[in-house]
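Residue numbers for the sequence shown follow full-length UniProt numbering, beginning at 1 and rising by one. Where is the CB? At the ideal position from N, CA and C, for every residue including glycine.
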Amino acid sequence: MNPVVGGLLSALTYGVGDFLAGLASRRDSPLRVVALTHPLSALALLGLAFLLGQPVPPAADLLWGMGAGLVGLVSVLAFYRALALGPMGAVSVGAGALSAVVPVVVGLLAGETLSALGWLGAAGVLVGTALLSFQPGDRGQGSGVPLGLLAGLGFGLFFVLLGQAESPGVLWTLAAARVASSAVIVPLTARRLGLKPENPRLILASFPGDMLGNLFYLLAVQGGGLAIGALLLSQR
Numbered sequence: 001m002n003p004v005v006g007g008l009l010s011a012l013t014y015g016v017g018d019f020l021a022g023l024a025s026r027r028d029s030p031l032r033v034v035a036l037t038h039p040l041s042a043l044a045l046l047g048l049a050f051l052l053g054q055p056v057p058p059a060a061d062l063l064w065g066m067g068a069g070l071v072g073l074v075s076v077l078a079f080y081r082a083l084a085l086g087p088m089g090a091v092s093v094g095a096g097a098l099s100a101v102v103p104v105v106v107g108l109l110a111g112e113t114l115s116a117l118g119w120l121g122a123a124g125v126l127v128g129t130a131l132l133s134f135q136p137g138d139r140g141q142g143s144g145v146p147l148g149l150l151a152g153l154g155f156g157l158f159f160v161l162l163g164q165a166e167s168p169g170v171l172w173t174l175a176a177a178r179v180a181s182s183a184v185i186v187p188l189t190a191r192r193l194g195l196k197p198e199n200p201r202l203i204l205a206s207f208p209g210d211m212l213g214n215l216f217y218l219l220a221v222q223g224g225g226l227a228i229g230a231l232l233l234s235q236r
């Protein structure tokens with residue numbers, strides 16, 4: 001896939017998913033939201049992989065996916081909690097922007113290059129993140145922003161690990177990520193809170209955004225590299 005198209009589609013689908021997940025997390029525990037959405041994503045990805053006949057990637061790619069899934073689990077829990085604390089707009093933009101920094105740095109260290117426009121975009125990401133870090137006004141209104149920025153760093157590492165998968169079987173790699181996170185979060189949530197959702201409709205509506213966002217990001221990275229994919233994703 002063209003990296004620009006993939007990156008923009010990833011940003012769009014992540015943005016919709018973030019908004020719906022934020023609403024779900026305000027009506028339910030973020031722990032339960034993740035415990036229900038991640039298995040749904042895993043099942044959907046496995047089903048698509050079977051239906052499309054994608055080749056199973058090497059074990060190394062699946063391990064990269066599993067590692068990314070565990071890192072992403074911690075990050076998404078922090079992110080959903082930050083969305084619940086609010087303000088949702090600042091949290092979402094800040095996390096999305098900061099999540100681009102880690103992949104860009106790793107990509108540049110690996111020998112990737114950015115155009116002048118790419119460097120301008122990177123500077124914009126850093127400036128925007130700095131502005132969001134120091135919001136004026138009532139501290140309570142921005143109480144979710146620091147946690148959102150921390151989640152953004154975790155997402156950056158998640159994207160770096162996910163981007164190490166180079167085989168065409170991207171659906172299997174993403175499914176491995178969600179299976180790994182589900183194996184941890186589902187029994188933990190079942191034991192602590194139970195798995196009955198407060199708002200099933202929001203749960204069902206939010207999981208496709210995260211799933212498709214990951215898919216389009218991985219396709220963008222395979223087409224254009226970590227740095228380009230991450231910068232485009234930061235527009236979420």
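Apart from the five residues on each side of it in sequence, which residues of its chain come closer than 7 Å, Cβ to Cβ, to residue i?
{"i": "His38", "result": "Arg178, Ser181, Ser182, Ile185"}
{"i": "Val91", "result": "Ala82, Leu83, Gly144, Val145, Gly148"}
{"i": "Pro58", "result": "Ser167"}
{"i": "Ser29", "result": "Leu193"}
{"i": "Val33", "result": "Ala21, Ala24, Ser25, Tyr80, Ile203"}
{"i": "Leu161", "result": "Trp64, Gly67, Ala68, Val71"}
Could you give the distance in angstroms between the alpha-carbon of residue i and the alpha-carbon of residue j?
{"i": "Gly213", "j": "Ser10", "result": "4 Å"}
{"i": "Pro55", "j": "Gly169", "result": "5 Å"}
{"i": "Phe50", "j": "Leu43", "result": "11 Å"}
{"i": "Met88", "j": "Phe19", "result": "8 Å"}
{"i": "Gly53", "j": "Met211", "result": "18 Å"}
{"i": "Leu12", "j": "Ala175", "result": "21 Å"}
{"i": "residue 241", "j": "Lys196", "result": "A query on residue 241 cannot be resolved here, the shown segment of the chain reaching from 1 to 236 and no further."}
{"i": "Ala97", "j": "Gly17", "result": "16 Å"}
{"i": "residue 240", "j": "Gly209", "result": "A question about residue 240 goes unanswered here, because the residues of the chain that appear run from 1 up to 236."}
{"i": "Leu109", "j": "Phe216", "result": "23 Å"}
{"i": "Glu198", "j": "Arg27", "result": "7 Å"}
{"i": "Ala100", "j": "Ser206", "result": "22 Å"}
{"i": "Ser75", "j": "Phe159", "result": "11 Å"}
{"i": "Pro103", "j": "Leu36", "result": "28 Å"}
{"i": "Gly111", "j": "Thr189", "result": "42 Å"}
{"i": "Pro200", "j": "Val5", "result": "32 Å"}
{"i": "Leu219", "j": "Tyr14", "result": "14 Å"}
{"i": "Arg191", "j": "Leu31", "result": "11 Å"}
Helix, strand or coil: how does DSSP classify residue i here?
{"i": "Leu204", "result": "helix"}
{"i": "Gly148", "result": "helix"}
{"i": "Leu193", "result": "coil"}
{"i": "Pro187", "result": "helix"}
{"i": "Ser167", "result": "coil"}
{"i": "Asn214", "result": "helix"}
{"i": "Leu161", "result": "helix"}
{"i": "Ser181", "result": "helix"}
Leaving aside the five residues before and after residue i along the sequence, list all residues of the same chain whose C-beta is less than 8 Å from its C-beta, in chain order.
{"i": "Ser133", "result": "Residue placement at Ser133 cannot be trusted, given a pLDDT of 47 that sits under 50; the coordinates are not used to answer."}
{"i": "Leu85", "result": "Val91, Ser143, Gly144, Leu147"}
With burial defined as no fewer than 16 other Cβ atoms inside 10 Å of the residue's Cβ, what is the status of residue i: buried or exposed?
{"i": "Pro187", "result": "exposed"}
{"i": "Asp138", "result": "Reliability fails at Asp138, whose pLDDT of 45 lies under 50, so the model's placement of it is uncertain and no value is given."}
{"i": "Gly156", "result": "buried"}
{"i": "Gly107", "result": "buried"}
{"i": "Ala154", "result": "Inspection of the sequence shows that residue 154 is occupied by Gly rather than by Ala. Looking at its Cβ environment, which holds 16 or more other Cβ atoms inside 10 Å, Gly154 is buried."}
{"i": "Ala78", "result": "buried"}
{"i": "Gly152", "result": "buried"}
For residue i, which residues in the same chain have their Cβ closer than 6 Å to its Cβ, ignoring the five residues on either side in sequence?
{"i": "residue 237", "result": "The requested residue 237 is not part of the displayed model; the chain covers only 1 to 236."}
{"i": "Asp61", "result": "Ala165, Ser167, Thr173"}
{"i": "Leu48", "result": "Leu171"}
Item to check | Secondary structure, beta strand (DSSP E): runs of 3+ residues fully inside the UniProt domain "EamA" (5-133) | outcome: none
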